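Number of protein chains: 2
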Amino acid sequence: MAEFKLHCFAASGNSYKAALFLALANADWEPVVVDYFGGETRTEGWRDNLNEMGEIPVLEHKGLKISQSGVILDYLAEVTGKFGPRTDEEKRDIWRWILFDNHKFTSYYATLRFMYGLQKTGDTPVTQFLRDRAIGAYRIVDKHLAANKFLVGDRLTIADLSLIGYVYMPEETGIDLAEFPHIEAWKRRISDLPGWRHPHELMPGKKAF
Amino acid sequence: MAEFKLHCFAASGNSYKAALFLALANADWEPVVVDYFGGETRTEGWRDNLNEMGEIPVLEHKGLKISQSGVILDYLAEVTGKFGPRTDEEKRDIWRWILFDNHKFTSYYATLRFMYGLQKTGDTPVTQFLRDRAIGAYRIVDKHLAANKFLVGDRLTIADLSLIGYVYMPEETGIDLAEFPHIEAWKRRISDLPGWRHPHELMPGKKAF
């Protein structure tokens with residue numbers, strides 16, 4: 001049995017945050033496929049057993065069941081000694097970016113990609129709202145990456161692994177990522193790391209409805 | 210000069226999270242009013258000096274400038290010894306709720322309240338989308354509070370102080386909060402604490418456009 005079990009599926013960028021950590025850290029882990037599109041995370045049983053918030057990923061390790069990608073990343077950094085903060089200032093900076101990611105960067109983009117790219121809603125007032133907000137968040141990150149190779153401390157940390165969740169996903173969002181050259185360069189910097197793999201190669205399960 | 214300076218304004222629930230911590234901890238602090246509605250956080254000067262993410266609150270303490278309400282709450286718990294986790298499990302649980310708050314509970318509700326309650330947009334596809342998402346998040350929290358007096362550890366922690374940000378705000382959102390009796394009871398539990406004050410009493414500045 002693998003040391004770490006990750007409940008995840010191929011189309012989930014939030015799961016990819018943890019899966020990519022485990023891959024880059026060369027950890028002993030295995031994925032447990034969740035049938036998200038079939039409604040598995042919305043069942044009472046799943047919520048009672050794994051995560052009352054009804055979200056994936058969930059990490060199992062040494063009898064613990066840990067949810068929220070940001071908490072999983074922080075936990076993995078602690079137990080593996082990799083990609084974590086080296087100082088109190090770095091710790092605050094890493095959490096600052098993880099919170100910004102959960103509030104704005106991943107949040108708006110992932111919901112836009114779900115509606116526009118997977119549900120194929122076409123453009124609606126809601127997708128336009130989400131796109132405007134996502135672009136605002138991408139501009140802030142692009143500006144930061146113009147002056148920094150990585151988000152914190154000039155090396156890969158869990159802050160990068162949080163924001164990286166959805167940026168390799170292939171679905172159309174109506175956002176031209178070429179407008180964010182520093183984000184594009186950062187994506188290449190990360191995909192060049194030894195052990196990097198695309199979300200679809202790293203996690204099993206459905207890629208769409 | 211006060212020990213802590215908090216850049217904030219009366220209508221900001223994200224600022225209230227930190228302001229209420231400082232009030233309940235009986236800390237030596239002072240507010241610095243931000244003219245958010247006048248666009249102050251969108252200026253280059255403000256972003257370069259205080260927060261590149263363009264958000265409030267910002268806490269100043271001992272030469273540090275700390276942004277993101279979740280990071281501020283964690284920092285305040287560390288330096289005051291109040292309302293923080295007592296174990297590693299509580300630490301993960303607190304961050305889990307703070308992340309859920311930033312992603313879903315505060316996020317959708319605060320944006321809905323901004324559009325529907327302050328900008329007076331009326332009902333639009335976007336406010337309906339935000340309301341549905343906010344109600345989903347409120348249901349999860351209400352269910353958790355049916356079995357727990359506070360979010361983590363049966364006492365007030367920074368997890369509660371994160372989720373409490375917008376729930377006392379008076380603006381109309383089109384959500385009937387009476388549908389969430391356990392959230393209502395938790396609000397009363399917190400407003401009964403010695404030192405509690407309403408956001409409008411605790412922070413100066415404009416309450417609306």
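Chains A and B, in that order, are what the protein sequence lines are.
Residue 106 in my numbering sits at position 106 of the first sequence, and the numbers go up by one each step.
Residue 225 in my numbering sits at position 16 of the second sequence, and the numbers go up by one each step.
Backbone N, C-alpha and C fix where the C-beta goes; we use that ideal spot for every residue, glycine too.
All of these numbers come straight from a predicted model, not from anything done at the bench.
For the segment 369 to 390 of chain B, no residue has a beta-carbon sitting nearer than 9 Å to a beta-carbon of chain A. Under the Cβ distance rule, leucine 22 of chain A does not count among the residues neighbouring chain B, no pair being separated by less than 7 Å. For the segment 284 to 297 of chain B, the residues whose beta carbon sits under 8 Å from a beta carbon of chain A are, in order, Tyr284. As for any beta strand (DSSP E) of minimum length 3 sitting wholly inside the segment 238 to 264 of chain B, the runs are 238 to 242, ordered along the chain. Around the C-beta of phenylalanine 4 of chain A, 16 or more other C-beta atoms lie within 10 Å, and the residue is accordingly described as buried. Sequence-ordered contacts of the segment 320 to 338 of chain B with chain A read Thr333, Pro334, Val335 and Phe338 [C-beta pairs closer than 8 Å]. Taking a Cβ-Cβ threshold of 7 Å, the residues of chain B close to valine 71 of chain A are Arg301, Trp304, Arg305 and Leu308, in chain order. Between alanine 23 of chain A and glycine 195 of chain A, the gap from beta carbon to beta carbon is short of 7 Å.
Within the model, the alpha-carbon separation for glycine 63 of chain A versus glutamate 90 of chain A is close to 29 Å.
Not a single CB atom of chain A sits nearer than 7 Å to the CB of serine 221 of chain B. As the crow flies, the alpha-carbon of isoleucine 158 of chain A is around 14 Å from that of lysine 187 of chain A. The beta carbon of glycine 293 of chain B is closer than 6 Å to those of Ala286 in its chain, skipping five residues each way along the sequence. In this structure the segment 302 to 313 of chain B does not touch the segment 261 to 275 of chain B; the number of beta carbon pairs closer than 8 Å is below three. In the three-state reduction of the DSSP assignment, phenylalanine 218 of chain B falls in the coil class.
Membership of glutamate 60 of chain A in the beta strand (DSSP E) is indicated by the continuous run 58 to 61.
Sequence-distant Cβ neighbours of lysine 313 of chain B in its own chain, meaning closer than 7 Å and more than five residues away, are Arg342 and Ala346.
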